[in-house]
Amino acid sequence: MDKKEKKKKMGLTATGLGPADQAIVRIMAPEIIRALRSASEKIREGDEYSKRWFGDSSALWINCLRIKLNRMASVINLQSIDIHGSPLNERNDDWFASVYRRADRRRDYTENMGQRGFITLSQGQDFNISLELKWNNAPNYRVGSILDSKFQTLVHELSHLILNTRDEVYGSIRCRGLALTNSRLAKITADNWGYFVEEYR
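Oh and the sequence shown: position 122 is 184 in the numbering used here, straight run, nothing missing.
1) CA-CA distance, ARG99 and ILE138?
2) Leaving out the 5 sequence neighbours to the left and right, which residues in its chain are closer than 6 Å to GLU260 when beta-carbon positions are compared?
3) Could you check what DSSP says for LEU79 in three-state terms: helix, strand or coil?
4) By the 10 Å Cβ neighbour count, where 16 or more other Cβ atoms means buried, how is MET72 classified, buried or exposed?
5) Decide if ILE89 is buried, meaning its Cβ has at least 16 other Cβ atoms within 10 Å, or exposed.
6) Am I right that GLU103 and ARG263 are in contact with their C-beta atoms under 8 Å? What's the rounded C-beta distance?
7) In three-state terms, what does DSSP make of VAL231?
8) What's the C-alpha gap between LEU79 and LEU216?
9) Can you say whether ASP257 is buried or exposed, counting buried as having 16 or more other CB atoms within 10 angstroms of its CB?
10) Out of curiosity, what's the CA-to-CA distance linking ALA159 and THR77?
11) In this structure, how does DSSP classify PHE62 when only helix, strand and coil are distinguished?
12) Helix, strand or coil, according to DSSP, for ILE15 in the structure here?
13) Helix, strand or coil for ILE143? Go by DSSP, reduced to three states.
14) Report the three-state DSSP secondary structure of SER192 (helix, strand or coil).
15) Grouping DSSP H, G and I as helix and E and B as strand, with all else coil, what is THR251?
16) Measuring straight from C-alpha to C-alpha, what distance separates ILE124 and ALA252?
17) Are ILE224 and ASN190 touching if we call contact CB-CB under 8 Å?
18) Applying the 10 Å Cβ sphere with the 16-neighbour rule, what's the burial state of LYS66?
19) What are the partner residues of LEU74, as DSSP defines its beta bridges?
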């Protein structure tokens, strides 16, 4: 085995998934990065979607959000993130996907670091996403204002891994309500990030 074969693939990689899910991951990986970069560019002068999903469109937050979006895209592009099915005997029929992070590795890789620091710190972190049962019936992209999508699910889980987001609430209606009532919590809620980024797909 040569060095190229030993080297881990960068970005989103599908392990042990069927052909259809492998194709979805392959297609969505660059789309997620493009959506993150697109959002960062389009929110320069404030943004209605930021207000909708995070409850804030101030210049200070927009600047912070742009940094997070760009650095999130860089981590996804430059690190290996394994996407696989959860073990059959452990699958949860109430979830779309899940991540496991050791307590000592839970951090926001986009904060308080220089441009090189956040990439270096994110190396070797064993990023992985397990697909659960609800993933199978989700549309690839959002339909109307209710259904969660596979795209949104992947961004949701990536935000857990890279931004250390939490699951304060689930679902678009509750997320919009959270943005109205508690902007601080909306900014660290994974579903809010998923819905926000999908606006720019």
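Cβ atoms here follow ideal geometry from the backbone N, Cα and C, with glycine treated the same way.
Judging by the given coordinates:
1) One C-alpha to the other measures close to 12 Å.
2) So the list reads ARG204, PHE213 and GLN214, once near-sequence residues are dropped.
3) If DSSP states are grouped into helix, strand and coil, LEU79 belongs with coil.
4) Around the beta carbon of MET72, fewer than 16 other beta carbons lie within 10 angstroms, which makes this residue exposed.
5) Taking all protein chains shown into account, ILE89 has fewer than 16 neighbouring C-beta atoms within 10 Å of its C-beta and is therefore exposed.
6) Beta-carbon to beta-carbon, GLU103 and ARG263 are separated by about 14 Å, too far to satisfy the 8 Å threshold.
7) DSSP places VAL231 in coil when its eight states are reduced to three.
8) Each residue's Cα considered, the two are about 15 Å apart.
9) Reading the sequence as shown, one finds Tyr at residue 257 and not Asp. Buried: at least 16 other Cβ atoms inside 10 Å.
10) Roughly 15 Å separates the two Cα atoms.
11) With the chain represented from 63 up to 263, any question about residue 62 goes unanswered, as that position is not in the structure.
12) The shown model of the chain, from 63 to 263, leaves out residue 15, and the question about it has no answer.
13) Strand at ILE143.
14) DSSP, read as helix, strand or coil, puts SER192 in strand.
15) The DSSP-derived three-state label of THR251 is strand.
16) When rounded, the separation of the alpha-carbon atoms in ILE124 and ALA252 is 18 Å.
17) Remark: C-beta atoms of ILE224 and ASN190 do not approach each other more closely than 8 Å.
18) Caution applies to LYS66, whose pLDDT of 45 falls short of 50 and renders its modelled position unreliable; the model cannot decide the point.
19) In the DSSP assignment, LEU74 forms a beta bridge with ILE143.
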